[in-house]
Ligand code: TXA
Ligand code: MG
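Residue numbers (our numbering): 58 to 399.
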């Protein structure tokens with residue numbers, strides 16, 4: 058398949074350029090588009106065959122539901138059976154933005170999109186290109202992250218091309234995404250609401266913004282706690298074993314030395330610890346501990362890079378689980394083949 062690649066300005070996208078992607082959407086094709094979290098692979102959510110093509114292109118398991126992307130509250134209302142205005146305290150504060158809310162689906166949404174569930178995740182992206190595309194299309198856009206199943210979500214143009222070039226008819230490129238990690242997911246069909254996937258908006262921020270709206274924040278590392286269906290799959294994995302080590306720096310360096318000896322090893326670490334690991338393995342620096350959003354933004358790109366480094370083993374240190382750090386550690390734990398606590 059020939060892929061039409063269209064470069065668009067991330068802040069002031071050209072309507073004509075985005076319309077090309079819209080015409081593919083209207084024909085039932087899947088297209089790649091940028092959002093503020095990661096790139097998405099979208100199709101007309103109301104068209105069951107179009108939705109099926111997303112699963113095919115990605116190689117996605119059929120029991121893993123898709124999120125619906127909307128460009129207005131009216132469009133969100135069309136997708137759900139609850140009265141959205143009852144949730145205005147939440148939507149006023151969180152939308153548009155990197156938070157997905159789960160409701161009960163409306164009859165119009167095909168079960169192929171929700172993998173048979175009667176609930177549906179609604180995402181109202183803030184990214185100007187995503188918003189314009191959905192607005193011009195006038196339909197909700199079902200979209201997972203635009204990676205091949207199992208790979209890290211694409212945060213840069215090269216990631217998208219690597220995974221989906223020649224597999225979709227149209228790709229909108231607009232540089233790096235902003236957050237680099239997928240949206241925070243909150244399930245509003247449970248009372249009180251439950252955080253299903255940590256993301257760019259942290260539990261601390263949710264508590265602060267929503268003061269009197271209680272949200273259950275489960276221990277994300279507890280395997281017995283219900284999560285978003287897709288989170289049971291191994292994910293984000295580089296083509297080399299990744300060992301995540303948790304503990305004090307001194308102990309982590311010692312453990313990493315043991316793991317890395319006599320092999321070609323790289324270690325994902327922060328700027329501050331680069332020196333401490335320099336004699337142990339090739340440091341792959343994610344960013345400074347003082348700027349955790351930078352670490353988040355670089356994580357998926359770094360995981361992809363590990364696959365190209367011809368390594369025997371990859372190691373990662375751990376990051377503080379506060380703020381966006383909870384989402385960073387959630388993704389790292391999913392990418393790891395083993396977690397060692399020292
Ligand atoms: O930031 C994002 O959320 C990105 C961009 C493209 O919008 N999208 C994204 O989609 O990460 P995806 O499909 O890669 O991850 C969505 C997650 C999956 O784990 C899926 O199982 C879960 O959301 N999910 C979808 N519908 C759900 C539902 N009705 N109930 C619970 N979890 C759901
Ligand atoms: Mg995904």
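Don't be surprised by glycine CBs; every beta carbon is placed ideally from N, CA and C. Quick caveat, the model's predicted, so the values are computed rather than measured.
Between the C-alpha atoms of residue i and residue j, what's the straight-line distance to the nearest angstrom?
i, j, result
"residue 275", "residue 260", "10 Å"
"residue 138", "residue 163", "5 Å"
"residue 370", "residue 311", "16 Å"
"residue 360", "residue 70", "30 Å"
"residue 266", "residue 314", "43 Å"
"residue 234", "residue 213", "7 Å"
"residue 332", "residue 379", "24 Å"
"residue 330", "residue 63", "40 Å"
"residue 324", "residue 373", "5 Å"
"residue 109", "residue 253", "24 Å"
"residue 195", "residue 72", "14 Å"
"residue 320", "residue 89", "38 Å"
"residue 179", "residue 336", "47 Å"
"residue 355", "residue 80", "33 Å"
"residue 160", "residue 96", "23 Å"
"residue 298", "residue 363", "10 Å"
"residue 134", "residue 141", "6 Å"
"residue 130", "residue 167", "20 Å"
"residue 114", "residue 308", "43 Å"
"residue 349", "residue 122", "29 Å"
"residue 345", "residue 353", "10 Å"
"residue 376", "residue 257", "15 Å"
"residue 384", "residue 112", "25 Å"
"residue 170", "residue 120", "10 Å"
"residue 219", "residue 205", "9 Å"
"residue 386", "residue 158", "22 Å"
"residue 242", "residue 227", "28 Å"
"residue 389", "residue 293", "8 Å"
Report whether the distance from the Cβ of residue i to the nearest heavy atom of ligand 1 is below 7 Å.
i, result
"residue 201", "yes"
"residue 288", "yes"
"residue 285", "yes"
"residue 180", "yes"
"residue 273", "no"
"residue 242", "yes"
"residue 135", "no"
"residue 126", "yes"
"residue 348", "no"
"residue 27", "With the chain covering only 58 through 399, there is no way to say anything about residue 27."
"residue 169", "no"
"residue 159", "yes"
Starting from residue i, trace the alpha helix (DSSP H) in both directions and tell me its first and last residue.
i, result
"residue 382", "382 to 392"
"residue 61", "Element bounds for residue 61: not the alpha helix (DSSP H) but the beta strand (DSSP E), 61 to 64."
"residue 364", "349 to 364"
"residue 165", "It is not in any alpha helix (DSSP H) - residue 165 carries neither H nor E in the DSSP assignment."
"residue 73", "72 to 83"
"residue 111", "105 to 115"
"residue 145", "145 to 151"
"residue 263", "260 to 266"
Tell me which residue opens and which closes the beta strand (DSSP E) that residue i is part of.
i, result
"residue 101", "97 to 101"
"residue 227", "227 to 230"
"residue 180", "176 to 180"
"residue 128", "First-last for residue 128: undefined, no H or E at that position."
"residue 3", "Examination of residue 3 is not possible in this model, given that the chain is present from 58 through 399 alone."
"residue 185", "Per DSSP, residue 185 belongs to no beta strand (DSSP E); it is in the alpha helix (DSSP H), 185 to 194."
"residue 303", "299 to 303"
"residue 251", "251 to 254"
Name the DSSP bridge partner or partners of residue i?
i, result
"residue 202", "97"
"residue 376", "For residue 376, which the question treats as bridged, DSSP gives no partner whatsoever."
"residue 89", "98, 228"
"residue 398", "303"
"residue 326", "342"
"residue 221", "DSSP output for residue 221 lists no bridge partner at all."
"residue 157", "180, 242"
"residue 371", "299, 323"
"residue 273", "251"
"residue 137", "162"
Taking 7 Å as the line, does the beta carbon of residue i fall inside it for any heavy atom of ligand 2?
i, result
"residue 93", "no"
"residue 213", "no"
"residue 239", "yes"
"residue 210", "yes"
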